[in-house]
Structures are given as structure tokens and as C-alpha cells.
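Numbering follows the UniProt record's numbering, in which position 159 of the sequence shown is assigned residue number 159; successive positions increment by one, without gaps. Reviewing the structure listed below.
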Amino acid sequence: MADECDKSKGDQIQDKSTAEEDNVECKLENAGIIVPPDGGYGWVVVAASFLANVLVDGIIFTTGQSLLGIWEKDFQTTAMAASWAQSLLGGCYLIAGPLAGAFANHFGCRIVTITGALLAFTGFVLSALVPALPILYLTFGIVGGIGFGLIYLPAIVIVSQYFDKRRALATGLAVCGSGIGTTLFSQINPFLLNLHKNNWRFFLVNIAFIILLNIVCGICFKALKPNETQVEKVAEIASEYHERQKEFREHIMGAGKVSSILPSLFLHFASVEVNSMESIFELVFFDAAGY
């Protein structure tokens, strides 16, 4: 019966401790929630996201189309075979979405965007050196496509982090860069090709350096951080919880000490004549104190 009672008390203490921990976790989560500013530096983020969409979608949807006939002649292949490079670029750019999302959650939008820009730059530079069409599939289509995917998704996600009430407007302004970029690069590509006398390899090197502008966009994608008031509130909640836990441990240790002297008290009661409650308190006090 005593064991069952002890077990019941232990369960009650455990339940109380768990409930308190859950309460503290809830308070910490609420105190640490970052409220989107809905403006301020957020408009810089929108502008950077807009530019990233101009560059990414403008290059993806026009570059391959501009080079399709040239590749067909240069590699002495069919239009269908040459179009695979453009198809892989557009496909891998979107297929890389889950990978880009996981990286953005772990490393942040800034690092992922800059990494994507460097990867796409590398893919296009290598494409200018390829001796055969199958290698172009790899460098231009797969490497370049994944690089663009790592730029595109963080550029959209970061806008939603800075805006709540104006999120629809901010996102709309950012993604309209896709249409503007497609229109813009449809004019830039013929100009660059004419400049290099239809030498597609020099043309891709030029495009590769344009891709590096996405690094500037990535630098602007600064992660939101808690303000000083939130940090102080979290520290206060954690400190209060720590003090309560300390008091609780001291209480448990004190209870354990009293329970450890009970057998000796019974020996005292058996050998000493106890005349009043005052005598009992004296025995408990002196035994607990070690006298």
C-alpha cells in the first residue's frame, strides 16, 4: 500500500513537472516569434527578389531558344536533340525546389542564393567549353538548372518572411520580375550574339557573368532576427524557470534527508520517554541537524 502511495505521488510530481515544462516552452515560443515588419528593409528584399526573378527567368526562358539553331548546326544534330539542353535547364530549375527549400531552412536564404549563383555561373562557363552535346546537357541543363533553382525559391520565400498584411502585394511585385526578365533578355540575347558574331561560347560566358548579379541579391536576403526586447523576455523566462527548478530540487533533497532520519527517530521514541509534542519536535530538529 505504501509503495502504491509513493508511486502515485511520484507520478503527480512528474505530471506537474511536465506541465510546467510545456508551459515554459509555450512562453518561450510566443516570446521568440518574429513579427514581419511589413515594410522598412522588407522593400529592399522585394527589390532584390524582383531582380533575381528578372535574371533567373529571363535567362532560363530565352537563352536556350536563342541558341537552338546555332547548336543544331555546330553539333550537327537535330533540333529535338539540341532542345534537350533547354528542356533540362527549365526542368531542373523547378525540380530542385525541394532541395532548395531544405537548404533554405537549414542554411538560410542568403547562403543558398549565393551558392546557386556560383553553381549556375560554373555551369554556364563550363558549357562554353564543352566539345559535345551530351556534355552540354550536364553543364548547361542540369548544373545550370539546379543553380537557378537554388536562387529562385529563396527569392520567393524571403519575401513572405518580411511581410504579413502586405504579403500578396510584396510577392506580386517580386514575381513580376519573371515577365520583365523574359521580355528584357529576348532583346539582350540577340544583341550579345551579334556582338560576338554568333559565337555562342563567348555569348554564354557573358551570360555567366550576368548570373553573378544574383550574388548581390543574395546579400540583400538578410534573415530576420529577434529584437532586444524579445531576447530579454526569453532570458527572463528561462531564468525564472531555472530558479523554480533549483528550489524544487532543494525541496526534494530536504524531503529525502528527513525520510532518511525517520528510522533513527523510531529508535529514539522506543528508548526515550516522550512526554509532549515539544519533545518530539526537539528530537526531529536535533536528528536532522546531526546532533
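Idealized CB from N, CA, C, for every residue including glycine.
If you ignore the 5 residues before and after Val45, its C-beta comes within less than 7 angstroms of the C-beta of Ile158, Val159, Tyr162, Cys220, Phe221, all in its own chain and listed in chain order. Nearest in C-alpha terms to Leu118, of all of Ala170, Gly145, Ala132, is Gly145. Taking a C-beta distance under 8 angstroms as the contact criterion, Asn214 and Leu55 qualify as a contact pair. For Phe203 against Leu212, the beta-carbon gap comes to about 16 angstroms, at or over 8 angstroms, which does not count as contact. In the DSSP assignment, Ile114 falls within the alpha helix (DSSP H) that extends over 109-127. The stretch 78-95 makes contact with the stretch 135-155, as at least three CB pairs between them are under 8 angstroms. In the displayed model, His106 falls within a helix according to three-state DSSP.
Looking at Leu153, Leu136, Leu173, the one whose alpha-carbon comes closest to that of Ser83 is Leu136. Taking the Cβ atoms as the reference, Leu89 lies roughly 26 angstroms from Gly172, outside the contact range of under 8 angstroms.
Here Asp164 is exposed, its C-beta having fewer than 16 other C-beta atoms within 10 Å. Nearest to Thr139 by alpha-carbon distance, out of Ala155, Leu153, Thr122, Gly64, is Thr122. CA-to-CA, the gap between Gln65 and Gly218 works out to about 27 angstroms. Boundaries cannot be given for Ala132, as no alpha helix (DSSP H) includes it and DSSP labels it neither H nor E.
When rounded, the separation of the alpha-carbon atoms in Ser87 and Pro226 is 43 angstroms.
One Cα belongs to Ala85, the other to Glu72, and the distance between them is close to 11 angstroms. Residue state for Leu224 is assigned as coil, using DSSP reduced to three classes.
Between the C-alpha atoms of Ala155 and Leu99 there is a straight-line separation of about 14 angstroms. It is roughly 11 angstroms from the alpha-carbon of Leu68 to the alpha-carbon of Thr77.
For the options Trp200, Leu129, Val216, the alpha carbon positioned closest to that of Thr63 is the one of Trp200. Straight-line spacing of the CA atoms in Val35 and Arg167 works out to 13 angstroms.
In this structure, Gly108 and Ala223 form a Cβ contact; the two beta carbons are roughly 5 angstroms apart against a cut-off of 8 angstroms. Per DSSP, Val143 lies in no alpha helix (DSSP H) segment and is marked neither H nor E.
In the structure shown, Tyr41 adopts coil according to DSSP, grouped into three states. The C-alpha of Pro37 lies about 28 angstroms from the C-alpha of Gly181. Burial check for Thr113: the Cβ neighbour count within 10 Å reaches 16 or more, so the residue is buried. Distance from the Cα of Ala128 is smallest, within the candidate group Thr183, Trp43, Ala208, for Ala208. Judged by DSSP secondary structure, Ile70 falls within the alpha helix (DSSP H) whose first and last residues are 63-74.
The C-beta of Thr183 has fewer than 16 other C-beta atoms within 10 Å across all chains shown, which makes the residue exposed. In the three-state scheme derived from DSSP, where H, G and I count as helix and E and B as strand, Pro36 is classed as coil.
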